[in-house]
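Read the structure below first, then the notes.
Chains as they are written, first to last, in my numbering: chain A, 1 to 466; chain B, 1001 to 1466.
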């Protein structure tokens, strides 16, 4: 049996929806990984049973401790192993005898640490295959399923979670944490999370294939720095991209970055990033991001906005300078900026100030109020030659900005074209205006380049899918 | 007399340190530009005299109103004109008779609006030259000098200001506002600000040349979208760069962006950005930024950190994935990553955990505590083959992060090499840790790519200057 074949929709279900989680190497000492995982599961109200395992204690955080996995009374779907690397093969055999389905090996000291570690990792994989156990790790954080019906926080880190629609795969736990944390700051919710370290068995390909068929996942952020099979990864990524937006961050494209990746997760860098000089295959229609921030910002657009039907964007702005920046970024990102059709231009000339620029970008001027903004947005959304709108709004003190926000949100919600909003403002003084967008579920961007890059990503994904 | 020659250190002093400011077109109506400028000057405690001018009112916001500029009793260094475009020539003549030194023409409807506007702008420039008045604008916001001894907020916008060391030139007022606002959010102070719109007289070149000799300016952010003389701009920019870090944002490099820039500020796009396909001259050693956010983040490093003596960077991290991203970004930004010298490597091997990676990036592991971090940083700062350190720190729950912060700040402050700190954390849970960096005047970055790009900018500037 080749357990490395990417799984179908069923394969990983017990991993993300375990009926029970055992922690082998559970600890009563605070500030240890074997304590923190249990605390996280309890704090997050995990829906299943929690079984601490160690030979010493009777109880940890109010939970009965079992001396070994074999002595746990009920079935065990998922196990964390946090013991020393050399103890892992024996423990894994016990898990196999117990009928455990999935193991997260948090412990380090495997492939990334040299020849002995490589041999140990091979032994561990062999035992897992013998018993049909699927592995996450070693040298990893674990998984999270933030679905409120499950709340499986099988991870020793700290990031708060809010249920949502973005799933994160990050080979590096640190990078995964930063992505998760940044999404929290941006008030975006998490769906599922995997940080798989050395990825000796379950790999990125398996996880993203599973999420491609998960109805709760609207966008996937995927960070990989080493991969066993770059061409296979590309094929999987392309298949996943046809079902879900897949936002790729693939560092290690310089020689120095690649060397660091080898030390870190012990494999070969992919060299798939378009930033890399030796990329063996063209990037195709995949979405690559150079940084964490850019990927997080784009993911927000995929969660909240419909996809455009084409690459023709219209920019509406009350400050010309932002329009110039948007134009550059949209063109560079593969969009076009068609001029308003004759009939639309005529209508616009009747409602906008005479000094307004009826072009694309359209500058409605800083004096434009709720009426001008509403009509301009409404006309552009109805144009046949417009697939998406990027709306830039700097909040002037002499305009009823809350009303602009209310009308924008109303139009954006009823349109089947995406409206990406850039709100250039002081977050403290225009708090109420921003709250209207947030409550209306319309993501706002702070700078024109950020909004334009998010719309370009939305467009690239949508156009690639046609 | 050619008033367009870039000014020396003295030339613009009365603009930024006016003894008095008159607002021609002052208004008693709230939410008008002619009211807001006066309110801003009073709110910000401007040190000089404020003279509202209009033929109707006796008093505005407690200040005596004068019917014309000629009737103001004292000398007038700086005038705002907020009246209709066709009235500007007559008003400017009155200013000339009064002996006014500088005029900010906020009014739009000049070069950017077509042939009549071009002619009107030429008339206005002619009158200004006749009387030796220097002009900011037309079609602009104005200027700010945030020096607490002056507090000249000659601008109709809203951004709070804190005195600091970054000066901002932005042709677009909207872009200038976003930059200013973002720096406020980042708790960075402003030195001086100019948004000059059509720039019919005083241009970017004049302003940045003045700031190059301003002891209070440590870094200049400069946004220009159209310029009369790109080659002259480049020469000035290179001269300024030899004195001060000059962070350039030059949009309008696509055909569509260029067209938008022509509508907006009525000139020709520069095509100087390295992003542009038609850039006529190589970028040389100038610092170009593709976005507002990236420029703001780099400016912070220039304000708070010493310059490196060379391009050899050392990365210390407790999470390998961040190290890979840093390595990529530093190499791409022109840095090198030398391996630790033999003696340093030996010392490190004695103090770090055996599983740590003694390389560059150096992975001290998540379990590294204050002692390990302090020693690793101290050793790298003392290495002859290291010019700068990028320190990545994800805040583990089992480490005394406050102590790591205290020791890092202490070492960073006593070193003459820059230490760029990336702190990957939850801002709410690790508030105290972040406060230690803030109080220690050490800028922190949230993502590895952001910190690495800032260090790369610091390095490019420093190396270009040698």
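We treat Cβ as the ideally placed atom computed from N, Cα and C, and that holds for glycine. Note that the coordinates shown come from a computational prediction; the quantities given were computed from them, not determined experimentally.
Quick check on the DSSP output: the beta strand (DSSP E) that includes residue i runs from which residue to which?
i: residue 115 of chain A; result: Element bounds for residue 115 of chain A: not the beta strand (DSSP E) but the alpha helix (DSSP H), 115 to 131.
i: residue 1144 of chain B; result: 1142 to 1145
i: residue 1049 of chain B; result: 1049 to 1053
i: residue 136 of chain A; result: 134 to 136
Does the CB of residue i have a neighbour CB from chain A at under 7 Å?
i: residue 1467 of chain B; result: This structure leaves residue 1467 of chain B out entirely; chain B is present only between 1001 and 1466.
i: residue 1263 of chain B; result: yes
i: residue 1260 of chain B; result: yes
i: residue 1181 of chain B; result: yes
i: residue 1292 of chain B; result: yes
Return the CA-CA distance between residue i and residue j, expressed in angstroms with no decimal places.
i: residue 246 of chain A; j: residue 193 of chain A; result: 14 Å
i: residue 1120 of chain B; j: residue 1138 of chain B; result: 11 Å
i: residue 63 of chain A; j: residue 150 of chain A; result: 19 Å
i: residue 1304 of chain B; j: residue 1441 of chain B; result: 7 Å
i: residue 1016 of chain B; j: residue 1037 of chain B; result: 15 Å
i: residue 1390 of chain B; j: residue 1424 of chain B; result: 13 Å
i: residue 1117 of chain B; j: residue 1093 of chain B; result: 18 Å
i: residue 287 of chain A; j: residue 238 of chain A; result: 10 Å
i: residue 1018 of chain B; j: residue 351 of chain A; result: 41 Å
i: residue 1428 of chain B; j: residue 1216 of chain B; result: 34 Å
i: residue 306 of chain A; j: residue 244 of chain A; result: 13 Å
i: residue 79 of chain A; j: residue 269 of chain A; result: 29 Å
i: residue 1438 of chain B; j: residue 1179 of chain B; result: 20 Å
i: residue 1338 of chain B; j: residue 259 of chain A; result: 13 Å
i: residue 1108 of chain B; j: residue 1085 of chain B; result: 7 Å
i: residue 41 of chain A; j: residue 65 of chain A; result: 15 Å
i: residue 1160 of chain B; j: residue 426 of chain A; result: 9 Å
i: residue 1281 of chain B; j: residue 1408 of chain B; result: Caution is warranted here: a pLDDT of 44 is assigned to residue 1281 of chain B, below 50, making its placement in the model unreliable, and the coordinate value is therefore given only provisionally. Distance between the alpha carbons of residue 1281 of chain B and residue 1408 of chain B: 42 Å.
i: residue 1033 of chain B; j: residue 402 of chain A; result: 20 Å
i: residue 68 of chain A; j: residue 100 of chain A; result: 13 Å
i: residue 1279 of chain B; j: residue 1252 of chain B; result: Its pLDDT being 46, under 50, residue 1279 of chain B is placed unreliably in this model, and the coordinates cannot settle the point.
i: residue 1399 of chain B; j: residue 262 of chain A; result: 26 Å
i: residue 1089 of chain B; j: residue 1051 of chain B; result: 20 Å
Give the interface partners of residue i over in chain E, defined as CB-CB distance under 7 Å, in chain order.
i: residue 36 of chain A; result: Judged by its chain identifiers, the structure shown contains no chain E, and its protein chains are A and B.
If I follow the unbroken alpha helix (DSSP H) through residue i, where does it start and stop?
i: residue 240 of chain A; result: 230 to 241
i: residue 1392 of chain B; result: From DSSP, residue 1392 of chain B is part of no alpha helix (DSSP H) but of the beta strand (DSSP E) over 1388 to 1394.
i: residue 314 of chain A; result: Taken as a continuous stretch (DSSP letters only), residue 314 of chain A belongs to no alpha helix (DSSP H), being part of the beta strand (DSSP E) at 313 to 317.
i: residue 1160 of chain B; result: Careful: residue 1160 of chain B lies outside any alpha helix (DSSP H) and carries neither H nor E.
i: residue 380 of chain A; result: 370 to 382
Would you say residue i faces chain B, with C-beta separation under 7 Å as the test?
i: residue 325 of chain A; result: yes
i: residue 139 of chain A; result: no
i: residue 319 of chain A; result: yes
i: residue 474 of chain A; result: This structure does not reach residue 474 of chain A, given that chain A is present from 1 up to 466, and the question cannot be answered.
i: residue 394 of chain A; result: yes
i: residue 115 of chain A; result: no
i: residue 331 of chain A; result: yes
i: residue 347 of chain A; result: no
Find the nearest neighbour of residue i within the set the options, judged by alpha-carbon distance.
i: residue 1415 of chain B; options: B:1423, B:1374 and B:1249; result: B:1374
i: residue 241 of chain A; options: A:261, A:211 and A:31; result: A:211
i: residue 1203 of chain B; options: B:1112, B:1216, B:1186 and B:1223; result: B:1223
i: residue 348 of chain A; options: A:381, A:456, A:216 and A:396; result: A:381
i: residue 315 of chain A; options: A:306, A:458, A:286 and A:340; result: A:340
i: residue 299 of chain A; options: A:118, A:41 and A:218; result: A:218
i: residue 405 of chain A; options: A:386, A:426 and A:432; result: A:432
i: residue 35 of chain A; options: A:81, A:47 and A:13; result: A:81
i: residue 234 of chain A; options: A:257, A:272 and A:255; result: A:272
i: residue 11 of chain A; options: A:330, A:285, A:206 and A:84; result: A:206
Which one or two residues does DSSP pair with residue i in a beta bridge?
i: residue 1154 of chain B; result: B:1143
i: residue 1080 of chain B; result: B:1023 and B:1104
i: residue 167 of chain A; result: A:220
i: residue 1249 of chain B; result: B:1223
i: residue 423 of chain A; result: A:393
i: residue 1336 of chain B; result: B:1312
i: residue 1060 of chain B; result: B:1063
i: residue 195 of chain A; result: A:142
i: residue 459 of chain A; result: None, per the DSSP bridge assignment.
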